[in-house]
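Using UniProt numbering, read the sequence shown as starting at 1 and increasing by one per residue.
Backbone N, C-alpha and C define an ideal beta-carbon position, used for all residues, glycine too.
In this text the structure is predicted, and so the values were computed from the model without any measurement.
Only one structure is covered here, and it is reproduced in the block below.
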Amino acid sequence: FTASHGWFNHFKTCANFHSVKLSGEAASADLKAAEPFIKLIKEGNYFPEQIFNVNETGLFWKKMPERTYIHNEAKTMPGSKAFKDHLTVLLGGNVSAYKLKPLLIYHSENPRAFKNISKATLPVHYRANKKANDAALFEDWFMNCFIPEVKVYFLEKGIPFRILLILDNAPGHPQYLNDLHSNVKVVFLPPNTTSILQPMDQGAIAAFKVTFAKAVAATECENGKTLCEFWKDYNILHCIRNTAAGWEEVTPQCMNDIWKKIL
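Below you can see the structure in the form of structure tokens.
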């Protein structure tokens with residue numbers, strides 16, 4: 001069932017949803033603290049192509065759907081700890097809906113699945129680190145992944161190399177980033193404003209996770225395997241390819257919509 005905007009607005013009125021209170025991060029967002037930040041972006045005379053935001057999200061990449069027989073069966077299988085295996089993905093893009101190549105952080109430097117595979121050919125920037133929010137790791141991404149990629153993008157577009165990078169105040173985002181490149185201004189979100197100002201939190205990451213799940217589902221019936229057999233063989237290389245596919249499926253329209261809410 002898909003409701004039209006008119007139907008839903010009528011439904012809200014009839015159901016008296018105006019009295020519903022928000023809870024959690026969105027409810028506690030500091031609108032007054034957000035106003036000068038938005039003004040700073042607008043008055044900076046940046047091109048839409050020059051304004052970027054990135055954010056991390058975690059994936060339990062082998063976790064089975066809850067409340068299903070397969071989830072219960074998975075817990076009893078040998079090596080079931082793998083179903084709790086966790087990785088971190090850094091996603092980002094600009095106001096013009098350009099999407100950066102994802103950064104994927106995993107605990108293993110050389111997984112067995114990488115045999116005969118060059119990391120340079122992967123569709124993500126792959127890094128190994130047991131502390132996914134490590135500041136040195138973020139600095140490495142900033143200098144060796146983000147800046148080179150954006151330089152190429154600007155050359156193709158004929159745009160001056162000048163960047164406004166918006167970040168939240170996570171511990172892994174070092175405050176000294178502004179000292180690393182004269183043409184990159186890093187602006188940290190004011191406290192308690194992430195839910196209203198962080199573009200990647202405004203739908204892009206959610207859309208990515210939906211399409212990631214679809215990519216996994218599309219491969220579940222490969223070669224007539226049962227779901228348990230498939231999941232047992234599902235390795236980090238499969239996850240990386242599905243991560244890239246999921247991010248690829250996040251549409252320019254989705255990226256445009258999330259920035260519209262802020263700018």
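{"Asked": "Can you tell me where the beta strand (DSSP E) holding residue 88 begins and where it ends?", "Found": "87 to 94"}
{"Asked": "Give me the Cβ distance between residue 163 and residue 150, rounded to the nearest whole Å; I'm assuming they're in contact under 8 angstroms.", "Found": "6 angstroms"}
{"Asked": "Just tell me which of 136, 61, 209 and 112 has its CA closest to the CA of residue 180.", "Found": "136"}
{"Asked": "Closest by CA to residue 50, which one among 104, 186 and 85?", "Found": "186"}
{"Asked": "Let's test the definition: count the other Cβ atoms within 10 Å of the Cβ of residue 110 and tell me whether it reaches 16, buried, or not, exposed.", "Found": "exposed"}
{"Asked": "Suppose contacts are defined by Cβ-Cβ distances below 7 angstroms. Is residue 139 in contact with residue 88 by that definition?", "Found": "no"}
{"Asked": "Can you tell which of 200, 237 and 229 has the C-alpha that lies nearest to the C-alpha of residue 261?", "Found": "200"}
{"Asked": "Measuring only the C-alpha atoms, how far is residue 103 from residue 35?", "Found": "31 angstroms"}
{"Asked": "Quick check: is any heavy atom of the ligand GTP less than 6 angstroms from the C-beta of residue 33?", "Found": "No copy of the ligand GTP occurs in the structure displayed, which carries no ligand at all."}
{"Asked": "Would you list, in sequence order, the uninterrupted beta strand (DSSP E) runs of no fewer than 3 residues that lie entirely inside the region 131 to 187?", "Found": "163 to 167"}
{"Asked": "Just checking my contact of residue 119 with residue 255 at CB under 8 angstroms: how many whole Å lie between their CB atoms?", "Found": "Actually they do not touch by this definition, with Cβ atoms about 27 angstroms apart."}
{"Asked": "Excluding five sequence neighbours on each side, which residues of the same chain lie with their C-beta closer than 7 angstroms to the C-beta of residue 61?", "Found": "85, 87 and 239"}
{"Asked": "From residue 69 to residue 235, what does the alpha carbon distance come to, in whole angstroms?", "Found": "Caution is warranted here: a pLDDT of 44 is assigned to residue 69, below 50, making its placement in the model unreliable, and no coordinate value can be reported."}
{"Asked": "Taking 7 angstroms as the limit between beta carbons, can you name the residues of its chain near residue 108, skipping five residues before and five after?", "Found": "128"}
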